[in-house]
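Comments concern the structure below.
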Amino acid sequence: MIELQDALRRKEIWAVGGGKGGIGKSLITGNIGISLARLKKKVLLVDADLGGANLHTTLGIGVPEMTLSDFLSRRVENIQDVIIQSEIKNLSLISGAQDFLDAANPNFSQKTRLLRHLETVDADYILLDLGAGTSYNILDFFLFSDQGILVVLPEPTAIENAYRFIKSAFYRRFKKVVTHQGIKDLIDAAMDQKNTMGIRTPYDLIERVKLMEREVGEILELEITKFRPKLIVNQVRTKGDIQIGFSIKSACNKYFGINLEYLGYVEYDDSVWQSIRSKRPLAVEYPYSRPARCIERIVHNLLRKEQLTLSTLY
Amino acid sequence: MVKKIEDLNYYELLEIDPRASTQEVYRAYDRIKKVYEPNSVALYSLFSPEETAILRQRIEEAYRTLINDPKRKEYDMVLRELRELPEPEPEAQRMPTYQPPPVQQRPVVVRKPAEREPFLGNETRPQPAPSAPPPQQAEVPVPEQPRPAPLTITEFTGTAIRAVRENAGLSIRDVAGITKISERYLGYIEKEEFKKLPARAYLKGFLPQYAKAIGLDPERMTGDYLRRYDAAMER
Ligand SMILES: Nc1ncnc2c1ncn2[C@@H]1O[C@H](COP(=O)(O)OP(=O)(O)OP(=O)(O)O)[C@@H](O)[C@H]1O
Ligand SMILES: [Mg+2]
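So the protein sequences, as listed, match chains A and B.
Using the numbering used here, read the first sequence as starting at 232 and increasing by one per residue.
Using the numbering used here, read the second sequence as starting at 2 and increasing by one per residue.
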């Protein structure tokens with residue numbers, strides 16, 4: 232029993248999201264997984280992109296026979312039955328739903344069943360590749376994980392989506408900790424940026440909540456400090472692009488009051504699409520390429536619970 | 002805990018520790034200023050242009066206060082009143098002879114406009130009377146306006162640079178602390194003692210640093226100054 236508890240405590244779930252499609256979430260999840268596996272960690276990758284699963288592609292695995300949808304629809308009972316061993320030692324995969332349209336929207340009991348089963352898997356790290364968007368499912372997986380990682384590109388649309396993602400995630404978190412229906416409604420209303428109540432920032436929201444119930448407002452304040460998403464800037468071409476990560480960190484701190492951790496960046500490089508074209512993982516095909524090494528550095532930061540410091544810019 | 006942007010103190014605004022050195026204040030300012038530039042992509046969809054403008058103005062205020070020793074001491078005292086800063090204890094050991102903020106230094110500043118005028122009036126085109134109000138004498142931390150180079154300057158001569166520096170409430174020593182350029186060289190730059198300055202390549206490195214520290218456009222100031230330097234050295 233004690234052993235089992237140890238095993239549970241040891242396991243970490245990391246989720247990778249970002250709001251926008253096609254920004255490298257799967258690329259980064261897959262290759263973080265490979266890096267960890269090479270460090271002799273047992274890794275399970277889960278393609279939780281229930282809309283357009285393609286994590287297997289970044290790993291160079293063909294369309295798998297068993298997928299998450301088989302588990303969600305109870306065609307199989309045990310999570311073990313949908314886990315595929317990859318060619319890389321210590322790395323296995325649960326492929327994403329391909330055919331099961333309803334899977335894009337699993338209900339609460341399906342989600343809890345999945346999470347309950349994931350807890351029993353023998354792995355050091357479980358990496359969730361979340362799809363694009365800010366649907367409740369994506370947000371819930373993000374909030375549930377031990378480390379929520381956001382991927383962003385150094386361009387306005389991706390950044391805008393990342394901010395929307397952050398805001399949605401922690402307003403959802405707010406809603407989970409309050410029971411008062413009036414406050415829940417207020418949070419919903421505040422989600423709309425153009426709300427008529429003059430609530431622009433989380434600060435405004437908390438002030439308003441405090442007027443209704445002071446204690447609840449204070450609980451929400453505490454929630455803000457506990458919410459520490461991580462950031463990766465992908466497709467970096469210049470020093471200025473790297474700088475954008477620090478700027479986003481600063482803006483998040485001033486606007487949301489949250490402490491975003493800047494994990495690192497991944498350089499833009501042709502090796503990425505070359506590896507995808509050759510249907511082999513980047514870290515296997517081009518282990519010494521710049522993006523592969525960037526991802527390794529990110530893994531080191533994650534393991535040591537460190538982040539990028541400004542000195543990298545000088 | 003969670004604070005409205007308007008309520009962030011100067012240290013929080015510049016994202017530095019209250020014990021940050023002058024050099025660190027400067028570096029943080031230089032960085033944060035870029036983050037909150039009007040077209041900064043990282044602000045997209047988060048801050049409105051008006052909010053960004055207000056933030057920028059506050060960042061300027063923060064910098065001008067924290068870079069200036071007496072002003073910073075005064076500001077720290079206010080923060081301590083508000084309980085935003087802990088009481089300093091180890092300080093006492095480092096500075097056995099504690100002295101109250103040297104408010105008395107202020108009158109020196111008051112003399113400046115008179116000194117400055119002849120030089121600034123010394124321009125080719127006719128200039129309007131210096132429009133900048135005389136520097137404040139009061140001890141109250143009146144936020145200075147974000148300060149474009151005074152309109153009366155058309156060329157960054159050594160004297161003009163000095164005037165801008167003094168207008169910003171910075172001593173040579175402050176600037177030396179920020180830029181790590183020696184006080185001696187800063188003095189030579191201002192006095193245009195070109196022969197005593199190190200080789201041109203070094204000077205070219207010093208000038209943009211100096212410009213940034215006093216809030217001037219580095220390229221313009223360096224260009225102007227080197228032109229005068231080259232002309233003088235040719236003779
Ligand atoms: N660092 C990079 N350098 C070059 N190309 C890159 C880089 N990162 C991503 N790409 C390109 O972007 C494409 C999309 O990457 P990926 O499939 O990982 O994104 P995604 O966020 O998972 O997308 P989706 O939202 O569709 O799941 C890749 O096929 C690759 O061609
Ligand atoms: Mg994907």
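For each residue, glycine too, the CB sits at the ideal point set by N, CA and C.
Note that the structure is predicted; figures quoted are calculated from it, not measured.
Secondary structure remark: continuous beta strand (DSSP E) runs of at least 3 residues inside the segment 242-307 of chain A, in chain order: 243-248 and 274-279. Judged by pairs of C-beta atoms under 8 Å, the segment 467-484 of chain A does not touch the segment 4-12 of chain B, as fewer than three such pairs exist.
Residue environment analysis places valine 3 of chain B among the buried positions, since at least 16 neighbouring C-beta atoms fall within 10 angstroms of its C-beta. The Cβ atoms of isoleucine 162 of chain B and glutamate 194 of chain B lie no closer than 7 Å to each other. With a cutoff of 6 Å, serine 257 of chain A counts as near ligand 2, since its C-beta is closer than that to a heavy atom of the ligand. Within the segment 170-217 of chain B, complete alpha helix (DSSP H) segments of at least 4 residues are found at 173-180, 184-192 and 201-214, given in chain order. Comparing alpha-carbon positions, the option among B/Met222, B/Ile173 and B/Ser41 lying closest to arginine 185 of chain B turns out to be B/Ile173. In the DSSP assignment, the residues bridged to isoleucine 314 of chain A are A/Ile325. Contact between the segment 481-491 of chain A and the segment 446-464 of chain A is present: 3 or more CB-CB pairs across the two stretches fall below 8 Å. Burial is judged here by how many other beta carbons sit within 10 angstroms of a residue's own beta carbon; histidine 287 of chain A has at least 16 and is buried. For isoleucine 437 of chain A, the C-beta contacts it makes with chain B under 8 Å involve Val3, in order along the chain. Around the CB of asparagine 338 of chain A, fewer than 16 other CB atoms lie within 10 Å, so the residue is classed as exposed. Between isoleucine 357 of chain A and leucine 370 of chain A, the C-beta spacing is not below 7 Å.
In terms of Cβ geometry, leucine 361 of chain A and glycine 282 of chain A do not form a close pair [threshold 7 Å]. Distance from the CA atom of glycine 379 of chain A to the CA atom of leucine 462 of chain A, rounded to whole angstroms, is 9 Å. Secondary structure at tyrosine 434 of chain A: helix, using DSSP grouped into helix, strand and coil.
Ligand 2 has no heavy atom closer than 6 Å to the beta-carbon of asparagine 262 of chain A. Glycine 216 of chain B and glycine 291 of chain A have their C-alpha atoms spaced approximately 54 Å apart. For the pair of segments examined, the segment 297-308 of chain A was found to touch the segment 317-329 of chain A: the number of CB pairs separated by less than 8 Å reaches three.
For valine 467 of chain A, the CB contacts under 7 Å within the same chain, skipping 5 residues up- and downstream, are Pro385, Ile473, Tyr496, Val497, Glu498 and Tyr499 in chain order. Chain order gives the chain A residues near serine 46 of chain B as Glu391 and Tyr394, where near means a beta carbon separation below 7 Å.
Considering only beta carbons, the part of the segment 463-490 of chain A lying closer than 8 Å to chain B consists of Gln474, Ile475, Phe477, Ser478, Ile479, Ser481, Ala482, Asn484, Lys485, Tyr486 and Gly488, in chain order. Scanning the segment 488-516 of chain A for uninterrupted alpha helix (DSSP H) segments of 4 residues or longer gives 501-508 and 513-516, listed from N- to C-terminal end. Remark: C-beta atoms of tyrosine 486 of chain A and leucine 47 of chain B approach each other more closely than 7 Å. Along the length of the segment 412-478 of chain A, whole beta strand (DSSP E) runs at least 3 residues long occupy 461-467, reported in chain order. Using a Cβ-Cβ cut-off of 7 Å, valine 165 of chain B does not count as an interface residue toward chain A, since no Cβ of chain A sits closer than that to its own.
Exclusion of the five residues before and after alanine 514 of chain A leaves Asn262, Ile265 and Ala523 as the residues of its chain whose Cβ lies within less than 6 Å of its Cβ. The beta strand (DSSP E) runs of length 3 or more contained entirely in the segment 325-402 of chain A are, from start to end of the chain, 356-361 and 378-383.
Taking 7 Å as the cut-off, the Cβ atoms of threonine 66 of chain B and tyrosine 11 of chain B count as close. For aspartate 18 of chain B, the three-state secondary structure derived from DSSP is coil. Here serine 478 of chain A is not near serine 502 of chain A, since their CB atoms are 7 Å or more apart. The C-beta distance from serine 340 of chain A to threonine 289 of chain A rounds to 30 Å, too long to fall under 8 Å, and the pair is not in contact. For tryptophan 245 of chain A, the CB stays at least 6 Å from every heavy atom of ligand 1.
Less than 7 Å separates the beta-carbon of isoleucine 179 of chain B from that of alanine 214 of chain B. Against chain B, the beta carbon of proline 387 of chain A has neighbours under 9 Å at Val42, Tyr45 and Ser46, listed in chain order.
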